[in-house]
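Notes follow the structure.
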Amino acid sequence: MRTLLKHAMIVTMNEKGEVYTDGNLLFEDDRIVQVGKEAVKESTCDEVLDLKGKLLLPGFVNTHVHTSQQLARGLADDVDLLTWLHDRIWPYESNMTEEDSYISTLFCAAEQIKAGVTAIAEPGGQFVSGMVRAITEAGIRAKLANSIMDCGEGLPKAWQHNTQEEIARQEEDIQRFHKMADGRIEVWLGVRTIFNATDELLLQTKELAKKHTVGIHMHVAEAKSEVDYVRERLGVQTVTHLRDIGFLGPNLLAAHTVWLTHEEVEMFREYDVKVSHNPASAMRVLGFAKVPRMLREGICVTIGTDGAPTNNRMDMVDEMWVTSLIHKGWRLDPTVVKAQEILKMATINGARALQDEKLYGSLEPGKKADLIIINPDSIGMQPMHDPIANLVTSMHSTNVESTICNGRWLMRDQKILVFDEAALLQEAKERAASIRSRAKIQMPERFPML
Ligand SMILES: [Zn+2]
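Taking our numbering, the leading residue of the sequence shown gets 51, the next gets one more, and so forth.
Right, here's the structure in full:
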């Protein structure tokens, strides 16, 4: 199947950052064959689409997505972090069934597809088997992980395991699910936080990652309380401790990374640690990550939405916009974290962080056909004096017209083709209520409910 997309503005995100103002892109089955100004013989194509006035971009890569929390959106607003975790999210997640995890992940994937995301990294949720079913059906790519913990206060009983049990669980997932769905699914290793991981668990996880050549996804230095706790116990902050025990490395995807000293930012550069910046979730309770400094140091910074009860939008387009604002604000410098850097973070840097730079993240011949079509003709996105800035500062996910992953149309003209969206919406609502009732979570009454 050969598909030609012609007369588009193609934002390639290749090494040189080339943009074709009137370009053609040809893909055959799952691969991009040609990108540029050269004409393509239309008679050799099965389908030809004229995209005049539209933009083509690589699919976005969302590097921190809690698929198991999608049905918990709105479950923990306006509460402190410990209430969020111990009274709302842990009871909710620990009461989920495998089927809940499947629907939660599928519902999350629907929001990703609508926002032009073609690859995600899950830091560790419930029932990898449920996630695998959903991702297989949804057609996007995913690095999936189990949430592993071998210590920590207040853990639900179902989650209390020792180090060996946790390592064994991860290895079993790799054996069962790694490289499934035409290779779109990979099993990664997930470490929740340093609160819930002994050094032994960290080091054995690193060994296991090396053995299977997979990445490790971990929440690192996310809250001030975390680095205070580590400093009190060990005399140094989280990242320094991870460096000292030999845990840092290029296959570590570190989420949040808000509380780093300048020296620790340099450690990230030295060990080529990848960063998942989650600006909306950070603004709730975590603080400002040193993104301008990290970018200056050449660190691979990417963007993630986190989970539905933290953000509460799982929308990469919104997340790019928030990224473009917050660093200018706290640095009092409107020239930092520019639109083109943010597009890099959301595409090619994301692919690098997922160890898939050679597969996707830019529109180049030989790469997978993971791409999105943007229709900028809306009241909120026009006019476009500076199209690259518009993509970050004024685009909405409703401007994403179509999403293609692995050469397959997942959404076309804003209609999801891979599952029944209306039926999924109904099922998600019912399951969300049912889990909350099983978990016995009481919601506060904010106004008199008459
Ligand atoms: Zn997270």
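Backbone N, C-alpha and C define an ideal beta-carbon position, used for all residues, glycine too. Remember, it's a predicted structure, so these values are computed and weren't measured experimentally.
Check: Contact under 8 Å by Cβ, E250 with T213; Outcome: yes
Check: Sequence-distant residues of its chain with Cβ nearer than 7 Å to V341 (five each side left out); Outcome: H327, V351, H377, V387
Check: Per-residue burial, E161 [other beta carbons within 10 Å of its own, 16 or more giving buried]; Outcome: buried
Check: Straight-line Cα distance separating D127 from I353; Outcome: 22 Å
Check: T355 classed as buried or exposed, judged by whether at least 16 other C-beta atoms fall within 10 angstroms; Outcome: buried
Check: Spatial neighbours of R293 in its chain, beta-carbon cut-off 6 Å, leaving aside the 5 residues before and after; Outcome: M317
Check: Burial state of A473 (16 or more Cβ within 10 Å); Outcome: exposed
Check: Start and end residues, beta strand (DSSP E) containing A58; Outcome: 52–61
Check: Proximity winner among I190, E216, A218, S374, relative to F469 (alpha-carbon distances); Outcome: I190
Check: Of the residues A231, G233, V264, V280, the one placed nearest N246, counting alpha carbons only; Outcome: V280
Check: Where Q405 sits in the DSSP three-state scheme; Outcome: coil
Check: Residues near G357 in its chain [Cβ-Cβ closer than 6 Å; skip 5 each side]; Outcome: H116, Q119
Check: Cutoff 8 Å; reference K87; Cβ partners in own chain excluding five residues on either side; Outcome: Y70, D72, G73, N74
Check: First and last residue of the uninterrupted alpha helix (DSSP H) at R293; Outcome: 288–294
Check: Span of the beta strand (DSSP E), counted from its first residue to its last, around F157; Outcome: Where F157 is concerned, there is no enclosing beta strand (DSSP E), although the alpha helix (DSSP H) it sits in stretches over 148–164.
Check: heavy atom of ligand 1 below 7 Å from P173 C-beta; Outcome: yes
Check: Helix, strand or coil at Q84 according to DSSP, with G and I counted as helix; Outcome: strand
Check: H114 Cβ short of 7 Å to ligand 1 heavy atom set; Outcome: yes
Check: Contact check, E216 vs I198, beta carbons under 8 Å; Outcome: yes
Check: When P426, V442, A401 are compared against G265, the one with the closest alpha-carbon; Outcome: A401
Check: Beta-carbon spacing of M63, G348 below 8 Å; Outcome: no
Check: Distance cut-off 7 Å: A271 Cβ against heavy atoms of ligand 1; Outcome: no
Check: Backbone secondary structure at N74 - three-state DSSP; Outcome: strand
Check: Close Cβ partners of P426 (< 8 Å) along its chain, the five nearest in sequence each way excluded; Outcome: G103, K104, L105, Q432, M434, P437, N440, M445, N449
Check: Short Cβ contact (8 Å threshold) for T53 with E92; Outcome: no
Check: With 16 other Cβ atoms within 10 Å as the buried cut-off, status of G285; Outcome: exposed
Check: Proximity test, A126 beta-carbon vs ligand 1 heavy atom, cut-off 7 Å; Outcome: no
Check: Extent of the continuous beta strand (DSSP E) run through W459; Outcome: 458–462
Check: Range covered by the beta strand (DSSP E) that runs through E236; Outcome: 235–237
Check: Per-residue DSSP class, three states only, for H114; Outcome: coil
Check: Reduced DSSP secondary structure (H/G/I, E/B, other) of L135; Outcome: helix
Check: Close-in-space but distant-in-sequence residues of the same chain around L131 (CB under 6 Å, 5 per side omitted); Outcome: V335
Check: Presumed contact (8 Å Cβ cut-off) between I139 and A122, rounded CB distance; Outcome: 6 Å
Check: Whole beta strand (DSSP E) elements within the segment 324–394, 3-residue minimum; Outcome: 324–327, 351–353
Check: Close beta carbons around L99, own chain, < 6 Å, minus the five adjacent residues each side; Outcome: L55
Check: Whole-angstrom distance between K479 and R488, CA atom to CA atom; Outcome: 15 Å
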